[in-house]
Structures are given as C-alpha cells and as structure tokens.
Amino acid sequence: MATDQQTGTWYGTGEAVSRVRGQAFKTLCLSATLLALLSVFVLLLYVANDAFQPLSADTGWLLVTIGTVVVPSLAAVGYYYTRDTRAGETATIALGLPIVSLLLTGGVFITFEHVVSVYQWLSILVSLAVAGGIVYAHSRVRTEADLERLVVVVAVPALALWFIPKLILSLPMLPTQSIALLGSFVVPVAVVVGLFVRRQRENDRDGVIAAVLTLVGAAAGFGVAPVVGITPFVWMLLVTVTAVPVSLYVESVIRRGAGVSGLAFPLIVVGGIVASAVLTDTLGFAGPTPWLDWGFLTNVPSRTPEDAGFYPPLVGSVMMLLIIIISAFPVGVGAALYLEEYAPQRGRWGRLVDLIEVNIGNLAGVPSVVYGVLGLALFIRAGGLGSGTALVGGFTVGLLILPIVIISSQEAISAVPDSMRQASYGMGATKWQTTRNVVLPEALPGIMTGNILAMGRAIGETAPLLIIGAPAVVRIAPNSFTNKFSAMPRQIYTWSGEIDAAFRHGVLAAGVVTLLVVLLLMNGAAILIRNKYQRRE
Amino acid sequence: MTQDSMTNPDSRTDSQSTDLEGSNQTSDPLVDSSIDTGQSGGSGGETRTVIESRDLDVFYDETQALQSVDIEIPAEKVTAIIGPSGCGKSTFLRCINRMNDLVDAARIEGALNFEGKNVYDDDVDPVVLRRKIGMVFQSPNPFPKSIYDNVAYGLNVQGIEGDYDAIVEKALRRAALWDEVKDQLDSSGLDLSGGQQQRLCIARAIAPDPDVLLMDEPASALDPVATSKIEDLIEELSEEYTVVIVTHNMQQAARISDKTAVFLTGGELAEFDNTDKIFENPESQRVEDYITGKFG
Chain D
0 MATDQQTGTW YGTGEAVSRV RGQAFKTLCL SATLLALLSV FVLLLYVAND AFQPLSADTG
60 WLLVTIGTVV VPSLAAVGYY YTRDTRAGET ATIALGLPIV SLLLTGGVFI TFEHVVSVYQ
120 WLSILVSLAV AGGIVYAHSR VRTEADLERL VVVVAVPALA LWFIPKLILS LPMLPTQSIA
180 LLGSFVVPVA VVVGLFVRRQ RENDRDGVIA AVLTLVGAAA GFGVAPVVGI TPFVWMLLVT
240 VTAVPVSLYV ESVIRRGAGV SGLAFPLIVV GGIVASAVLT DTLGFAGPTP WLDWGFLTNV
300 PSRTPEDAGF YPPLVGSVMM LLIIIISAFP VGVGAALYLE EYAPQRGRWG RLVDLIEVNI
360 GNLAGVPSVV YGVLGLALFI RAGGLGSGTA LVGGFTVGLL ILPIVIISSQ EAISAVPDSM
420 RQASYGMGAT KWQTTRNVVL PEALPGIMTG NILAMGRAIG ETAPLLIIGA PAVVRIAPNS
480 FTNKFSAMPR QIYTWSGEID AAFRHGVLAA GVVTLLVVLL LMNGAAILIR NKYQRRE
Chain B
0 MTQDSMTNPD SRTDSQSTDL EGSNQTSDPL VDSSIDTGQS GGSGGETRTV IESRDLDVFY
60 DETQALQSVD IEIPAEKVTA IIGPSGCGKS TFLRCINRMN DLVDAARIEG ALNFEGKNVY
120 DDDVDPVVLR RKIGMVFQSP NPFPKSIYDN VAYGLNVQGI EGDYDAIVEK ALRRAALWDE
180 VKDQLDSSGL DLSGGQQQRL CIARAIAPDP DVLLMDEPAS ALDPVATSKI EDLIEELSEE
240 YTVVIVTHNM QQAARISDKT AVFLTGGELA EFDNTDKIFE NPESQRVEDY ITGKFG
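So the protein sequences, as listed, match chains D and B. Position 450 (the first sequence) corresponds to 449 in numbering that gives the first Met the number 0; numbering is contiguous. Position 24 (the second sequence) corresponds to 23 in numbering that gives the first Met the number 0; numbering is contiguous.
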C-alpha cells in the first residue's frame, strides 16, 4: 500500500533497485573473456600465417581458391546450420573422421617403422595368444585353484613374452613384411570390425561380411597397390585404419537415413581443392610457399630452412608417448583406484592417506624443470640408462604427468555414484567384483579423458627433455627406445635459437602448428569421449 | 509356508536337491560358502522367525542411531518399519544385511540373528549373508548396463550356474516388468522410467532367489501409479519371500504389511505388532500420536 502511494505503481523499475554495480561487473567479466580469447586467437593466427604464408601466393591463386574452396564450403556450412543440423553433425564427422584416421594411419606407420617391427609385433601377438590359451586351459582344468590361477595369469604371459618372440625372430624363414602385417594386424582388425558390426546390427551375417570385406580389401593391396604407386604395406594400413572406419561411418549414416546430405561436405571440400589446383595450374597462378607441407613432415632437420623437416622429432614424440602410455598410465590409474576404493578413510592411516592425497596435488604443481632434474638423477645417474633416450624421456615426462593422471582418474572414480556400489554390494558382490564390474566400466570414459589430456601436457613438455640431454638435432629417426631422440617441442626450441630468421619464423611456426594440431586432435578426442558417455545420463 | 513354495527350480543349483532331502541343516548357512542352501526346514508354520534382533545398538561415531532394539521378523510375511525421519529405520534395515559395514563410522552392539546365527559373529562373511538377503534401495539404482545384464548381475557375481535366459525372464515376470521390456532386453536399464527402473531393481534383487528381501522406501521416489504397481508386487512377493520394508508412508504400511514396527525418534522401537493392531489400537500413546499424525 505504501509503495503504491509513493511511486504510483508497485511494479516497473523503481529507484530502489540498483543494478549499476551488477551491470559493471558483468561488463568486466565479458571484457576479460573477450581479451583472453582474442589474444589467443591473434597469436594462433600469427603463427598459422607464418607457417602457411598464404599471402605469398598470387592474387589470382587466392581468388580462385576462395571461389572454389572457401565459398562453396561456407555455403554448405550455412545450409547445414540453418536447414539441417543433423546433416551438419554428419558433415563435421564426415570431414573429421578421414583426417583423424589418416593421421592415425601415419601414427601406426611410424610405430611399425620405428618402434615395433612387424615381426616383433607378430611374435608378441603369438606369445599373447599362446599365453591366453594356456591360461584358459588352466581355468578349465583347475576350476577351484584361485591362487594357482593368479600365479598362472601373471607368470605365463611373462614367460611367453620372454621366450616366444626370440624363438620366432630366430626362425630362418620369415614371411614377407606385408604377409606378416596381414596376419598380425589386418586379421585382428577384421575380427574386431566383424564383432563390432555384429553387435551393432545384432546380425551374424553382417558381421562376417564386414570382416571378410576388410580382409579382402586389405589383401587386394598385393595386386592393386603397386599400380597406384604405394607399397602393399601402406595400402593395408590405409585400408584398415582409414578406409574401414570411414566406410563403416558412411554406411551407418546411409542406413540411418538422417543427415545423409552431410556426407557431401567432404566431397565439396576435396572437389574444391582439386578444382582449384587444376584451375590455378592452367591459368598459371603460383600458389603460396608454405613452410608446413608434406616435405616438412617427412624430411629430417637440415641446415637450410627450405629442406628442414620434422620427421625425427615426430617419431620421437610418438615413442615417448608410447613409453608414457605403458608406464605412467597403469601406475597412475592403479594408484587412483587404491586411493579411492581401498585406502582407509579414517583413523591414523586415514590421515596419512589424506596427507598423501594433498601432496599428490602439490606434485602436480612442481615445475617441469625439477622433474627433469629428478629424471636425470633417477634414471640416468642412478638407473644407468643412456642420457637423451626415448626411454628416459618417456619415464621422466611420465613422472611429471603421473600426479595429473592420478588426480583426474581419482575424480573419474569418485564421480561413480555411491548408489551403484551399494547396489552391487547389496547383490552379494565382493569388493573386487564391484570394482571390476561397476566402478571401472563407469569411470573408464572419465579416466580416458583425463589420460588423454595428460598426454597433451606430456607432448608439449620441453624443459625435462633439455635436462635429460635430448639432443638439439636428431638427423635419423630413432629406431629403438634406447636411441637418442628428440621430441617436437625440443626441436622447436632448437629452431628458436637459430641465427637464420627463416628458421626462427617460418620453420619454427610450422613446427608449432604441427604440435598444436596434434594437441588439438588429442583434446578433441578427449572431449568426444566425454560427450559420448555423458549423453547417456 | 512350507519349503516347497520357497523353492525356485530355475535358479537352484544341484546342491539344492540334497537340501530338500536332508532334514534340518546341520552346518551354519552363513559360513557355508555354497551359493544357496535353502531354508532350514523344521519349524514352519505362521510364526517362524527368520530375523531376530536382541538388544541391538548402533552408533555412528558418538551418535546413537538405534537403542536396544528387540524384534522378531516372521518368515514369508511383509514386515513394515515406519517412523519419523531420522528414527533409525533405514539403519535397522541396513544392519540386517550388514550394509552398515560399508560406513566406517558405524559401530554395532548386541545381536542380530538370521536363521539363528548372529550375523555379526566373526565367522560370518557379509558377502555370503548379502547373497541370502536381497535389497532394494530408496531411489532406483540400476547399473548402466543392459536390462538383461542388470538382472543377471547377481547370478554372475554369485557364480550361479543355469539357464540365465530363463532366470532373467522369470525374475522380470515376477517383477511385473517382462511385458514392458521383453523386446528391449539389450537396451540400457537407465532408459526406463523411474517406476520401471525400480521394478528392474526388484527383479535384479530376486533373480538370485534370496531368502529375504529388504526394501528401503522403495516407492518414495515414484509417482502414485508406479507406487501402486510396486505395492501390488510386494504383496505377491510376500507369498514366497520374507519382505522387510521401510516406509514413511503410513497408508502404505497399513495396506501391504502383516506386521508393523514403529520406531520413534532416538532409535528406539516403540511398538511391534500385527499391522491391524498397530493402526487400530496401539498400546503406546506415542505411537498413537504418531499414527494419527500429531507429530512426525
């Protein structure tokens, strides 16, 4: 009543309510956001400009490319955005999947070329198969002997991995590399594809067809690959790692029948690029001379900027990541599982566990250069491993990301609702059964996301590599974990100190863009995994 | 009820036939590691007691949640536990299958006997105990697995052998869920509605054929239609199972239970009697006040 008389109405914006401070605060927050985004964006643009040098091209080339590639692509994007969002999703994946698969193919190629030879891989597979057979046979024959089985499960694979590869590698007659790849890589992939399709379609026949098609497609390489001009080896990798996932996706989109028009997007982009190449060639326009090109990725470092390549550091980074995956991840996830599921929560031991957890958090904040010194002391001085090798690099950077792996895995595990554990215990499950059947499967996407992000951190670390003695320049890609190696950031650091400006601007920018692309892809994969599994909730 | 009605041929293992032939069990059912030893025969009749607590005290750190509770829960009946919030009804339920073991702060004194054996004796394995006593929780908590795998979970972890398809179908039928999900057994249990999820949890609990079914406010998160389905189900299940249900809905207790225990604030058992008696003519004035809604 009183307000009525004072202001006439009780509603509306009165003098009593002040929003000035709120508005000012909101504006400040907005400008902080914009400033952060803008500075990062400008930096990336600057680096990308240095790496690709688009302005070094003729104006005609730029105009033709805009006309054939940029405009049609943007038009397609606009269409998807306004008319058919489902097709937009398809378009994103249809363009992204081949790119990611191709990069993965490159990774697998590097792995087989430098890390594990096909014969080693074959012998490892054979040993694991033999070990699995023995473990299975043991579980059938001695159904009750739990402790004995534990020993068998641990000892048999170890022994098999120790003896059988030596036996196989010392055989006088080995199949050719391509045949070995067919047996040890294509066949398992074909089986996995078959099982995947069978599960998706709930149809045995489709699964068999998919597996056989994979196998036949890969084996066709023996006849077709030389005609195309590549080795059967590369052909098989392309078929299994690139063609199979892409065709599976295309088939699933067509069968689903929604968003099919999105499949046209990669065709528009690729068609545009081809058309642009043909047109600029006939019209005689010169393209740009980017620092980042195929040669940069496949050459070795050189004294002349134009010939400088990034291949050995790329291989080195892949090797380092492999070491991290097999050393830091099991340790980190195991520690996280213990701390979350088993460690005492109360009493004196509970306080100790709390102390440990706090200090794991502190370890995550220790500067990377300190980890480098730790790695130097621990692995090289005390452990007697060679300085500057991929093994030491992987171990050192693995130590560095270990706290991150533990913390992110812990978060993923503690995010599993307690009601699920209760449900499992209520059904008469043991702790192990609950962890194995409920907690781990539920936490796995989160654990994987955290681990991939930690890998992103690992791949960019420079300081520890400097301290453990990774060489400034490696001219031959390492072929074993005990060779001297260099990783991508280490090589970038070397280029940053060169006198020739072309190194410091052009070549360095190309290296940075390569590193960033790898990082973005890894983070993108982490986000995809997270979204895929969050959607179910 | 006699032993025959407790027998579920589908989920019993071979060891069951010897149980049927043998008279009273000589070995203790809880320390026996075999999966399902069946009821100890003998007494039978209306008043056979399955679960009995003697002077049961429960503490969470220094807080006392239950005060010297004495109760005798009859076989193959529905026993409801009602009372105001925080009176210890859920605590008592969780004592029966030792789910309180999972709470570090919990401390239990006194005896709680299941089939004549104190479940807090040192030689009782809580995992074996929980395999004989199924539990349904307050909010539906199916695993993020397929409907089939949810129901088969207990069979898997308990190592029960047999025709899983048949057992799963039978459990889903008894949980009145089969007709709704029979075409989507491979889809996730989380895709179901809340009421369906709770019936799935009931199916999951009865699939390994426990002796007792504990239910902790199973309908409190559900709408009236789903609630009435669950209530019908409980009444059906009580023909074969001993059901202990915690509820804060007094009408629900009156509708479905044979016996009712009223816990009052402070964790004391105020009264335990036939449901009719509790709701029509309770002995204690405080219980009458609670029943008639003067407090709680």
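Built from N, CA and C at the ideal position, the CB exists for glycine as well.
Same chain only: Cβ atoms within 7 Å of T67/D, ignoring 5 sequence neighbours per side: Translated into the one-based positions of the first sequence, residue 67/D becomes position 68. Excluding sequence neighbours, T67/D sits near G271, A274, S275 and L278.
G425/D CB to nearest chain B CB: under 9 Å? Counting from 1 along the first sequence, the entry for residue 425/D is found at position 426. So yes, G425/D belongs to the interface.
Anything in chain B within Cβ reach of E441/D, meaning under 7 Å, just list it in chain order. As a first step, residue 441/D must be located in the first sequence, where it is residue number 442. Residues of chain B passing the Cβ test: P143.
Beta carbon proximity, N96/B to chain D, threshold 9 Å: Along the second sequence, read from residue 1 onward, the residue named residue 96/B stands at position 97. So, interface residue.
Counting Cβ pairs closer than 8 Å, one from the stretch 449-462 of chain D and one from the stretch 146-164 of chain B, do we hit at least three? Verdict: no, contact absent.
Is DSSP giving N298/D helix, strand or coil here? Position 299 of the first sequence, counted from the start, is the residue given in the question as residue 298/D. Three-state result, N298/D: coil.
Please list the partners that G153/B has in chain D, where partner means a Cβ-to-Cβ separation under 7 Å. Mapped onto the second sequence, residue 153/B falls at position 154. Within 7 Å Cβ-Cβ: M426 and G427.
Chain D residues whose Cβ lies nearer than 8 Å to that of N140/B: Counting from 1 along the second sequence, the entry for residue 140/B is found at position 141. P416, S418, M419, Q421 and A422, listed in chain order.
Mind listing the chain D neighbours of Q197/B? Cutoff is C-beta to C-beta under 7 Å, in chain order. Here residue 197/B refers to the residue found at position 198 when the second sequence is read from its first residue. Within chain D, no residue comes near Q197/B; the closest Cβ sits about 12 Å away, beyond 7 Å.
Using 8 Å for Cβ pairs, my map puts A189/D next to A210/D. What's the rounded Cβ distance? Working through the first sequence from its first residue, we reach residue 189/D at position 190. Working through the first sequence from its first residue, we reach residue 210/D at position 211. Between A210/D and A189/D the Cβ distance is about 4 Å, and since that is below 8 Å, they are a contact.
With a Cβ-Cβ cutoff of 9 Å, do L263/B and C86/B count as a contact? Numbered from 1 along the second sequence, position 264 holds the residue referred to as residue 263/B. Numbered from 1 along the second sequence, position 87 holds the residue referred to as residue 86/B. At a Cβ-Cβ threshold of 9 Å, L263/B and C86/B count as neighbours.
Among all the DSSP beta bridges, which residues are the ones paired with Y59/B? The residue you call residue 59/B lines up with position 60 of the second sequence. Note: Y59/B sits in a beta bridge opposite T62/B and A105/B.
Which chain B residues are close to Q432/D, counting only those with a beta carbon under 7 Å from its beta carbon? Here residue 432/D is taken as the residue at index 433 of the first sequence, counted from 1. Those within 7 Å of Q432/D in chain B are V156.
Is the stretch 97-110 of chain D in contact with the stretch 137-154 of chain D, if contact means three or more CB pairs nearer than 8 Å? no
Beta carbon proximity, E20/B to chain D, threshold 9 Å: For the purposes of this step, residue 20/B is taken as residue 21 along the second sequence, with counting starting at 1. Only weak support is given to the placement of E20/B: the predicted model assigns it a pLDDT of 40, under 50, and the value that follows is read from those uncertain coordinates. For E20/B, the answer is no, since every Cβ of chain D falls outside 9 Å of its Cβ.
By Cβ distance, which residues of its chain are closer than 6 Å to R529/D, with the 5 residues on each side in sequence left out? Position 530 of the first sequence, counted from the start, is the residue given in the question as residue 529/D. T448.
For W60/D, which residues from the same chain have a beta carbon less than 7 Å from its beta carbon, with the 5 sequence-adjacent residues on both sides left out? Here residue 60/D refers to the residue found at position 61 of the first sequence. Cβ neighbours of W60/D beyond the five flanking positions: T279, F284, A285 and G286.
With a threshold of 16 other CB atoms inside 10 Å of the CB of E279/B, please say whether the residue is buried or exposed. By 1-based counting over the second sequence, the position of residue 279/B is 280. By the 10 Å Cβ count, E279/B comes out exposed.
Does the distance from the CB of G425/D to the CB of A104/B come in under 9 Å? In the first sequence, residue 425/D corresponds to position 426, counting from 1. In the second sequence, residue 104/B corresponds to position 105, counting from 1. No, the Cβ-Cβ distance between G425/D and A104/B is not below 9 Å.
Taking Cβ-Cβ distances shorter than 9 Å, what residues in chain B pair up with V207/D? As a working mapping, residue 207/D is identified with position 208 in the first sequence. The contacting residues do not exist; V207/D stays about 20 Å from chain B at best.
I need the straight-line Cα distance from V253/D to D231/B, nearest angstrom please. In the first sequence, counting from the first residue as 1, residue 253/D sits at position 254. In the second sequence, counting from the first residue as 1, residue 231/B sits at position 232. A small fix is needed here, since residue 253/D is Ile in this sequence, not Val. For I253/D and D231/B, the distance between alpha carbons rounds to 47 Å.
Boundaries (first-last residue) of the beta strand (DSSP E) holding V123/B: Numbered from 1 along the second sequence, position 124 holds the residue referred to as residue 123/B. It is not in any beta strand (DSSP E) - V123/B carries neither H nor E in the DSSP assignment.
Please name the residues in the stretch 115-136 of chain B whose beta-carbon is closer than 9 Å to at least one beta-carbon of chain A, in chain order. Among the protein chains in the structure shown, which are D and B, there is no chain A.
Buried or exposed for V516/D, going by 16 or more other Cβ atoms inside 10 Å? On the first sequence, residue 516/D is found 517 positions in, with the first residue counted as 1. That one is exposed.
Kindly indicate if chain D contains any beta-carbon less than 9 Å away from that of L111/B. Position 112 of the second sequence, counted from the start, is the residue given in the question as residue 111/B. No, L111/B lies away from the interface with chain D (no Cβ there is under 9 Å from its Cβ).
Option nearest G445/D by Cα separation, candidates I526/D, L514/D, A500/D and P488/D: In the first sequence, residue 445/D corresponds to position 446, counting from 1. The shortest Cα separation from G445/D among I526/D, L514/D, A500/D and P488/D belongs to I526/D.
Classification of T281/D by the beta-carbon crowding that lies within 10 angstroms, buried from 16 upward: Locating residue 281/D in the first sequence gives position 282, where the first residue counts as 1. T281/D is exposed by the Cβ-count criterion.
Can you tell me which residues form a DSSP beta bridge with I81/B? For the purposes of this step, residue 81/B is identified with residue 82 of the second sequence, where counting begins at 1. Answer is V261/B.
List the DSSP bridge partners of E279/B. Along the second sequence, read from residue 1 onward, the residue named residue 279/B stands at position 280. Per DSSP, none; premise fails for E279/B.
Step through the CB atoms of chain D and report whether any lies within less than 9 Å of the CB of D54/B. Sequence index remark: in the second sequence, residue 54/B carries index 55 (1-based). By this cut-off, D54/B is not an interface position.
Going along chain D in order, which residues have a C-beta closer than 8 Å to the C-beta of L176/B? Counting from 1 along the second sequence, the entry for residue 176/B is found at position 177. Ordered by position in chain D, no residue passes the 8 Å Cβ test against L176/B, which lies about 17 Å from the chain.
For the pair the stretch 184-201 of chain B and the stretch 237-249 of chain B, tell me if three or more CB-CB distances fall below 8 Å. no
Listed by chain order, chain B residues near R345/D by CB distance under 9 Å: The residue you call residue 345/D lines up with position 346 of the first sequence. Under the 9 Å cutoff, chain B gives D103 and A104.
Alpha carbon to alpha carbon, how far is L443/D from Y370/D? Give it in angstroms, no decimals. On the first sequence, position 371 is the one that residue 370/D refers to. On the first sequence, position 444 is the one that residue 443/D refers to. L443/D has its alpha-carbon roughly 28 Å from the corresponding atom of Y370/D.
Chain B contact for E497/D (CB, 9 Å cutoff): One-based indexing of the first sequence puts residue 497/D at position 498. It does not: the Cβ of E497/D has no partner Cβ on chain B nearer than 9 Å.
Skipping 5 residues on each side, what residues in its chain have a beta carbon closer than 7 Å to that of S316/D? By 1-based counting over the first sequence, the position of residue 316/D is 317. Correct list, in chain order: I458, A486 and M487.
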